[in-house]
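> The sequence shown stops at residue 1031 when you use my numbering, and every number in between is there.
Where is the CB? At the ideal position from N, CA and C, for every residue including glycine.
Got a structure for you, questions after.
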Amino acid sequence: MTVPSFSTACRLLLLTGCALVALRPALAQTTGAEGEELQEITVTGQRTSNLRATAVKRDAVQVLDAVSADETGTLPDFNVADALKRVAGVNVLIYQGEPRFVTIRGFDANYDTVTIDGFTFATPDSGGRQVYMETLPSNLAQRMEVYKSGSPDLDGHAVGGVVNLVTPSAFDFPDATTVVSAKGGYNLQRDDADGRTPAGEGQVRSSWQFGRDDQFGLLVSASYWERDIFVPQEETASATNWYQANGKPAATPYGGNGIAVPAGRLWYNYQDDRRRLGTSARLDWKPNPQLSAHLSSFYYYQHETAVRNDLNAAVNNGATDSGQTETSGTLSAASQYAQRANLNFTRKLWGANGGGSYIFADDLIADLGASWSRALLDNPQIFDRFTQNNLAFTYDTSGDAPLFTAVDGPKAHNWALYNQNYRQFQDYQLGENVFDVQASLSRHAGPGDRGLGFKVGAKWVGTRQNNSLTQTTYNAGGYTLADTFAGQYTCGYTCNDGGIPLINQALADQAFWRSYAKVAAAYAGSATQTSDTASALGGDYQVDEDIYAGYGLLAYTADWGRIQAGVRVETTRFASDGYVKTNGVIGPATSDKTYTNPLPSVTATVHTTDDSQLRLAYSRTLGRPRYSDQATHGGSLSTTGAIYTLSQGNADLNPRLSDNVDVAEEWYLDHGRGLVSLGGYYKTIHNEIFTFTQTETLAVNGVNVPVNVSEARNSPHDATVKGLEFNVIHDFDFLPEPYSGFGIAANGMISWTSFPIILGDGTVVDRHELPQQANRIFNVSLYYEGDKLHGRIAWNHTGKMWDDRYSNLTGAATYYQNRDYMPADRLDLQLSYDVSSMLSVSVTVQNLTGEDVRENDGRDLELGRQYIGFAPTVLLGAALRF
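What follows is the structure in structure tokens.
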């Protein structure tokens, strides 16, 4: 698929703006029926969101940015992560077309904390600390606050920052308010990759105030979301080959004649179906100005079924390349396998939190709160693989992605020659409970106070996590791909040589059970059953983590500004139970580690003029290791990739410690309706964590194969990250009609990183990015707010980013195999029209230009490694407010 250039994106942005202006006069003539009496709700959309977000930023003690809902409580985004893209320096990682993880200043989500109303909550992340934002609907939050500098009263796990999702209250809206909205449409995938598929969502939110003097408020909400898409992909194996002039393999990378040749062609086509259901409720009590309390609950459910059809031509070691040119040749020997993977993910998250606040007569404020949440992940998977060996292929690298064509087409397409390689059953399960109890006492510590103030507090967060993995592999079943072939084909990112043969799941089940019919009574025949005990026990472990925090701060606020200083002390106890392999024997093992970290911070805000202020901040934050990196487990073996991997925990890991310096100048325009800010930051990260990898020869299912054995370790070298960021929000109401309805919201971040890494052979390399860290993030949104017509077109640019899921740190010779996501640009469009004060209709186009995702590796990132084709999604919607 052709990737649009930046200039094309700019033209589309301007054309849409012109279209909005042209449409406005015509649409303005459309009015409701004469004499129509409807309840009137003022809707100012994007401008109200900007005004509220700017006010939050101006009053904040820390370096902060925010996204706020409009006056109807609406965030015009598909989920929480999608809305956060409008914050300076914030981006989201896309998984199968859906925003999944939030990054702050380019830092991977494992470096950040996400809270709901200040409470830590569970997440269905296998082994990590990342919050799956796709499980959270956009109507969860009335405001999203992103804290980028540390403070004693913020969680210490915040090398990147803290995201706080502030839930709406019934007191945020007029009494007896209901909003119902729905969207439906299609994802417009190309026809040879299975074509268009449905997508849609629906939301409802109602709120009431009741009791004497309306002291109680109740808000309930529900949402449903679904999307079915096909995602065609292509990978070129995990390595690249080079050949000599005589066609024989070169001894070293970039050797021989210097022409890079893919070591394989792996086609994928994901059929990804997702469903999400969510409900929440919040009860507030405000009997007087001094006392307030709330009780909230939520339940979110997501089910994802991904059927992945693969066709992989893997070039054999020792194969020759004949007739080679700069872009073509013939490879003498390869193995080709066809595979169907049934991947099912059920994620659940539910919980409750509550709290209260009381203001004493001497302005002393006491706050108390507690929460509990639970997350579950159930991930059963079935893999059916069939392989034919000794096939020759021609290749062509002149296009956007490499093409492989079988020399002997009839043989390559004879599915009876593809013997069953294996059927593998996997089931990974996770259960996590998180408890959060917190209390604080403060006086004159708020941004609106004057004079000397203080705040002291304490917090306990307890995490109880259980992980389990079962894995059984059946080999040599005695049947072939022909017994399971569905008679249909699909395409990967490219499409030639017939495409991917589809395996019918029912036929595969029948063939498998026929082959293994005697297993229950007495195992017989030539088939081999392997219960992968080592792999399963490597994925079985339990984690108990307790974080005890206490803090204190002093603040002084005057007309000239504010200064705040304090310290937070966090003690972390991390204990785990699992299994390790010692001298060839697998047995239970435990670990227990406790560490204490003082986290000081100083923040100053100086009002340089009536409408501008300078922020200066120093803070120390920490980044705890991923649970799976630190937990005691002997290694989880994965055999589903091109190269087998074995990852194991390291109980001796220390947390990252980051010293952070922030400087920012902010100018507020038009009485707070606009904003221009420019800031810089510098971070020195001690004990940075990296994955140390060595290639070892291990016996897997009775066959000795190379396996990348990896373990997380602390780097003896400090990592440094420095960056600049800007934010501009401005309404164009100084322009004459009809242009005064326009406005712009733009933000960006540029960072420079130094991260020394020790490779498996002892070589030290300086990597200029941390895992999943984008070095450039830009967001520009041009919006229009008219009497009835509203629109927004948003451009998002993400710079290159290291995909450490496929890291290769075994040595200098293979270091080139580390992949980076290449820079990407995405356009989203939203238009809405108010039919009346109660009803509006809308059209939303996500990924307007069909932006693809591409990963490259190589010494200069010149080698294409992965290509993923995404298509636009078009949704028509309506919203009813009453």
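Considering just the uninterrupted stretch of the beta strand (DSSP E) at A707, what are its terminal residues?
Counting from 1 along the sequence shown, the entry for residue 707 is found at position 558. Run containing A707: 690 to 707, per the beta strand (DSSP E) assignment.
> Among V825, L873, Y638, D867, whose alpha-carbon lies nearest the alpha-carbon of S900?
In the sequence shown, residue 900 corresponds to position 751, counting from 1. The residue with the shortest Cα to Cα distance from S900 is L873.
> Are the beta-carbon atoms belonging to I408 and Q473 less than 9 Å from one another?
The residue given as residue 408 occupies position 259 in the sequence shown. The residue given as residue 473 occupies position 324 in the sequence shown. In this structure, I408 sits near Q473, with a CB-CB distance shorter than 9 Å.
> Give every residue of the same chain whose Cβ lies closer than 6 Å to the Cβ of L432, excluding the five residues on either side of it in the sequence, and list them in chain order.
Numbered from its first residue, the sequence shown carries residue 432 at position 283. These residues qualify, in order along the chain: L367, L444.
> CB-CB under 6 Å to A635, same chain, minus the five flanking residues each way: which ones, in chain order?
Translated into the one-based positions of the sequence shown, residue 635 becomes position 486. Taken in chain order, the residues that qualify are L651, N653.
> In whole angstroms, what separates the C-alpha of R663 from that of L415?
Mapped onto the sequence shown, residue 663 falls at position 514. Mapped onto the sequence shown, residue 415 falls at position 266. Those two C-alpha atoms are separated by around 30 Å.
> With burial defined as no fewer than 16 other Cβ atoms inside 10 Å of the residue's Cβ, what is the status of E283: buried or exposed?
Here residue 283 is taken as the residue at index 134 of the sequence shown, counted from 1. So E283 counts as buried.
> Is K297 helix, strand or coil when you go by DSSP?
Position 148 of the sequence shown, counted from the start, is the residue given in the question as residue 297. Coil at K297, not helix or strand.
> Note down the Cα distance separating G181 from W521, rounded to an integer number of angstroms.
Mapped onto the sequence shown, residue 181 falls at position 32. Mapped onto the sequence shown, residue 521 falls at position 372. Here G181 scores only 37 on pLDDT, less than 50, and its place in the model should not be relied on; the value that follows carries that caveat. Cα to Cα, G181 sits roughly 48 Å from W521.
> Suppose the cutoff is 6 Å on Cβ atoms and the five residues either side in sequence are ignored; what does the same chain contact list for S547 look like?
For the purposes of this step, residue 547 is identified with residue 398 of the sequence shown, where counting begins at 1. Only T476 meet the Cβ criterion.
> Just to check my reading of the structure: G823 and D880 have Cβ atoms closer than 8 Å, yes? What is that Cβ distance to the nearest angstrom?
Numbered from 1 along the sequence shown, position 674 holds the residue referred to as residue 823. Numbered from 1 along the sequence shown, position 731 holds the residue referred to as residue 880. Indeed, because the Cβ distance is near 6 Å, the residues count as touching under 8 Å.
> Taking the C-alpha atoms as reference points, what is the distance between I893 and G821?
As a working mapping, residue 893 is identified with position 744 in the sequence shown. As a working mapping, residue 821 is identified with position 672 in the sequence shown. CA-to-CA, the gap between I893 and G821 works out to about 15 Å.
> At the level of alpha carbons, what is the spacing between A519 and P905?
In the sequence shown, counting from the first residue as 1, residue 519 sits at position 370. In the sequence shown, counting from the first residue as 1, residue 905 sits at position 756. Between A519 and P905, the C-alpha separation is close to 41 Å.
> Just verifying my parser: in three-state terms, what is the DSSP assignment at Q966?
For the purposes of this step, residue 966 is taken as the residue at position 817 of the sequence shown. Q966 falls in the helix class under three-state DSSP.
> So what's A510 in DSSP terms, helix, strand or just coil?
Reading the sequence shown from its first residue, position 361 is the one you call residue 510. Coil.
> Use the C-beta contact count for E886: other C-beta atoms within 10 angstroms, 16 or more gives buried, fewer gives exposed.
Position 737 of the sequence shown holds residue 886. Looking at its Cβ environment, which holds fewer than 16 other Cβ atoms inside 10 Å, E886 is exposed.
> Leaving aside the five residues before and after R354 along the sequence, list all residues of the same chain whose C-beta is less than 6 Å from its C-beta, in chain order.
To locate residue 354, count along the sequence shown from 1; it is residue 205. Correct list, in chain order: N288, V328, S370.
> So, Q569 versus F535, is the Cβ gap smaller than 9 Å?
The residue labelled residue 569 in the question sits at position 420 within the sequence shown. The residue labelled residue 535 in the question sits at position 386 within the sequence shown. Yes, these two residues count as a Cβ contact at 9 Å.
> Assuming V212 and A813 are in contact, meaning their beta carbons sit under 8 Å apart, how far apart are those beta carbons, in whole angstroms?
Position 63 of the sequence shown holds residue 212. Position 664 of the sequence shown holds residue 813. At roughly 6 Å, the Cβ-Cβ gap stays under 8 Å, so V212 and A813 are in contact.
> In chain order, what residues of the same chain have a beta carbon less than 7 Å from the beta carbon of Y628, not counting five sequence neighbours either side?
Taking the sequence shown and counting its residues from 1, the one referred to as residue 628 is at position 479. So the qualifying residues of the chain are Q569, A660, S664.
> Are T1068 and G1007 closer than 9 Å when you measure CB to CB?
Residue 1068 falls outside the range modelled here, since the chain spans only 150 to 1031, and no answer is possible.
> State the Cα-Cα distance for the pair D130 and G277, rounded to the nearest angstrom.
Nothing in the structure corresponds to residue 130, since the chain is present only between 150 and 1031.
> Under DSSP, the beta strand (DSSP E) around P381 begins and ends at which residues?
Position 232 of the sequence shown, counted from the start, is the residue given in the question as residue 381. Secondary structure note for P381: its beta strand (DSSP E) is the uninterrupted segment 365 to 384.
> When you compare each of P529, D708, G736 to H756 by their alpha carbons, which one comes out closest?
As a first step, residue 756 is located in the sequence shown; it is residue number 607 there, counting from the start. It is D708 whose Cα lies nearest to the Cα of H756.
> Taking all protein chains shown into account, decide if E694 is buried (16 or more other Cβ within 10 angstroms of its Cβ) or exposed.
Counting from 1 along the sequence shown, the entry for residue 694 is found at position 545. By the 10 Å Cβ count, E694 comes out buried.
> Identify which residue in T633, N809, V610, A704 has its Cα closest to the Cα of T720.
Sequence index remark: in the sequence shown, residue 720 carries index 571 (1-based). Selected option, being the one with the closest Cα: V610.
> When you compare each of A271, A625, V216, E815 to N199 by their alpha carbons, which one comes out closest?
Residue numbering aside, residue 199 sits at position 50 when the sequence shown is read from its first letter. For N199, the nearest C-alpha among the options comes from V216.
> I need the straight-line Cα distance from L440 to D231, nearest angstrom please.
For the purposes of this step, residue 440 is identified with residue 291 of the sequence shown, where counting begins at 1. For the purposes of this step, residue 231 is identified with residue 82 of the sequence shown, where counting begins at 1. One C-alpha to the other measures close to 35 Å.
> Within the same chain, show all residues whose beta-carbon is closer than 6 Å to that of Q485, passing over the 5 residues directly before and after it, in chain order.
Indexing the sequence shown from 1 puts residue 485 at position 336. Excluding positions up to five away in sequence, the list reads A462, Q537, L540.
> Within 10 angstroms of the Cβ of P402, are there 16 or more other Cβ atoms? Answer buried if so, exposed if not.
Along the sequence shown, one-based indexing puts residue 402 at 253. Only buried fits P402, as 16 or more other CB atoms lie within 10 angstroms of its CB.
> Could you give the residue range of the beta strand (DSSP E) that holds Y888?
Taking the first residue of the sequence shown as 1, we reach residue 888 at position 739. Neither: Y888 is in no beta strand (DSSP E) and is coded neither H nor E.
> Is the beta carbon of G600 sitting closer than 9 Å to the one on Y705?
Taking the sequence shown and counting its residues from 1, the one referred to as residue 600 is at position 451. Taking the sequence shown and counting its residues from 1, the one referred to as residue 705 is at position 556. Closer than 9 Å, so yes.
> Excluding sequence positions up to five away, which residues of its chain have a Cβ less than 6 Å from the Cβ of P411?
Along the sequence shown, one-based indexing puts residue 411 at 262. Closer than 6 Å at Cβ, skipping near neighbours: T385, P551.
> Taking Cβ positions, are G309 and A271 nearer each other than 9 Å?
Translated into positions along the sequence shown, residue 309 becomes position 160. Translated into positions along the sequence shown, residue 271 becomes position 122. Their beta carbons are not under 9 Å apart, which means G309 does not touch A271 by this criterion.
> Taking just the CA atoms, how far does Y449 sit from S372?
On the sequence shown, position 223 is the one that residue 372 refers to. On the sequence shown, position 300 is the one that residue 449 refers to. The straight-line gap from Cα to Cα measures roughly 9 Å.
> Sort A973, D214, R424, Q779 by Cα distance to K497 and report the nearest one.
Taking the first residue of the sequence shown as position 1, residue 497 is located at position 348. Distance from the Cα of K497 is smallest, within the candidate group A973, D214, R424, Q779, for R424.
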